[in-house]
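Residue numbers (the working numbering): 42 to 396. Yeah, the Cβ is synthetic: ideal placement off N, Cα and C, and Gly gets one too.
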Amino acid sequence: MKIALLNDTHFGVRNDSEAFRNYQLKFYDEIFFPYLEENNIKTLVHLGDVVDRRKFINFQTASIFRKRFWDRLYEEQIDTHIIIGNHDTYFKNTNNVNAIENLYTTFDKRNEPWVYEKSEVVNFDGTDILFVPWICDDNREHSMEMLRTAKTDILIGHLEIKGVEMQNGIINEYGNAKSDFSRFERVISGHFHKHTDDGQIFYCGAQYEMTWSDYKDPKAFTIFDTETRELTRVSNPNTIHKKIIYDDKKNNYNLFDLAPYNNHFVKLIVLNKTNDMMFDKFAERLYNEITVHDLNIIEDYSDIKASVRDDILEMGEDTVTFLNNYIDQLETDVNKTKLKQYLKSIYIEASDTKA
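Below, the structure is given as structure tokens:
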């Protein structure tokens, strides 16, 4: 039996951005649902963080995704199971009040997804799988007991595990130890948006880009085969972030093809600008000839230490990697790992407040 796995879909991401919503819907319309139909896959497990914001949801977002996602699952008779993630819950200490049960279930409790607030063993075609939702104060004791005693060696959940690379160059230092899951043959999880696999713990990674930290990070959804226990990633080639490293010493930008940058967030990183007229004309073309959701022109690195600046400019990195590399090259006694996590949290908070 083959099961489709989704996770960290974050409906309503970036303050209900229409650009991101259309980008997400393109994935479902052109990749996800056609793949399920072509391969006759009739079961979906969502590994948590269905919605983006814990406290509220935009009504238009809720309506659009009900019609374009939930209703389609029902129409195509997809048996749907939702494991609650930390973004799905209103409170931090319990999963009892969550978006899924309040938005996407019916009063008669029929024709709706199965929702898992607490750890539970679920059988799929003879294969037992332990579902573990976001571990919080209310369910921690039960969750740890299930980790010890559940009669299965396959776990699917929304987990925060120490020692896992949660983003390029950033290792998570919080949550459960890897040893808590040592008896399981396979641990499959949502939560971190970067895909990693150490042979036992498999983080699916997000299906699509949501921040600049996802730039050039391959995106996919996952198929789990209960018989062979194989995990197959189905690529999503669509992107929404692109960078242009501007260097008019090497390129003639009057001839630059803009088509690949249409309907993208674009960073124009200026390495060398010797012809102001060419640069201004190129910037005008970006605004007028294609749809750019946001154009960020980066020219001034004068406040950054020269040796660090050269490396960063050459690589044209995203903001978080930029900060991490800058911190790595600083001469300081400050705990660099904690400093990276602190700056990352500020960056994410700032990104979430930007329309």
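Secondary structure at residue 120, three-state DSSP: helix, strand or coil?
Here DSSP, grouped into helix, strand and coil, assigns residue 120 to strand.
Does the region 232-245 touch the region 205-220, meaning 3 or more C-beta pairs lie closer than 8 Å?
Counting Cβ pairs under 8 Å, three or more are found: they touch.
Can you tell me whether residue 45 is buried or exposed? The criterion is at least 16 other CB atoms within 10 Å of its CB, across all chains shown.
Counting of Cβ neighbours within 10 angstroms places residue 45 among the buried residues, the total reaching 16 or more.
Could you say which of 82, 370, 372 and 364 lies nearest to residue 381 if we only look at CA atoms?
Taking each of 82, 370, 372 and 364 in turn and checking the Cα distance to residue 381, the smallest one comes out for 364.
Where does residue 134 land, buried or exposed, given buried means 16+ other C-beta within 10 angstroms?
Classification for residue 134: exposed.
For residue 350, the three-state DSSP class (helix, strand or coil):
Note that residue 350 scores 49 on pLDDT, short of 50, meaning its location in the model is unreliable and no value can be drawn from it.
I'd like to know whether the C-beta atoms of residue 251 and residue 51 end up nearer to each other than 9 Å.
Yes, the pair counts as a contact, with Cβ atoms nearer than the cut-off.
Could you give the C-beta distance for residue 197 and residue 88, rounded to a whole number, given that I count them as a contact under 8 Å?
The distance from the Cβ of residue 197 to that of residue 88 is about 6 Å, consistent with a contact at the 8 Å cut-off.
Just verifying my parser: in three-state terms, what is the DSSP assignment at residue 208?
Strand.
Is it true that the CB of residue 265 sits closer than 9 Å to the CB of residue 294?
Contact annotation: residue 294 and residue 265 have beta-carbon atoms that are not nearer than 9 Å.
Does the beta-carbon of residue 248 have 16 or more other beta-carbons within 10 angstroms, so that it is buried, or is it exposed?
With 16 or more other Cβ atoms from the protein chains shown falling within 10 Å of its own Cβ, residue 248 counts as buried.
Confirm, please, whether the CB-CB distance from residue 170 to residue 200 is below 9 Å.
Against a cut-off of 9 Å, the Cβ pair of residue 170 and residue 200 comes out as no contact.
Sheet register partners of residue 85 (DSSP bridge):
As computed with DSSP, residue 85 is found in a beta bridge with 45 and 121.
How big is the Cα-Cα spacing for residue 34 and residue 99?
Residue numbering for the chain in the displayed model covers 42 to 396; residue 34 lies beyond these limits and cannot be assessed.
In the DSSP assignment, the beta strand (DSSP E) including residue 91 goes from what residue to what residue?
Here residue 91 belongs to no beta strand (DSSP E), and DSSP marks it neither H nor E.
Nearest-angstrom beta carbon gap, residue 141 and residue 125 [assumed within contact, 8 Å]:
With 8 Å as the limit, residue 125 and residue 141 qualify as a contact, their Cβ atoms being about 7 Å apart.
Any idea which residues DSSP pairs residue 196 with across the strands?
Answer is 171 and 228.
For residue 57, count neighbouring Cβ atoms within 10 angstroms of its own Cβ and tell me buried if that reaches 16, exposed if not.
With a threshold of 16 other beta carbon atoms within 10 Å, residue 57 meets it and is buried.
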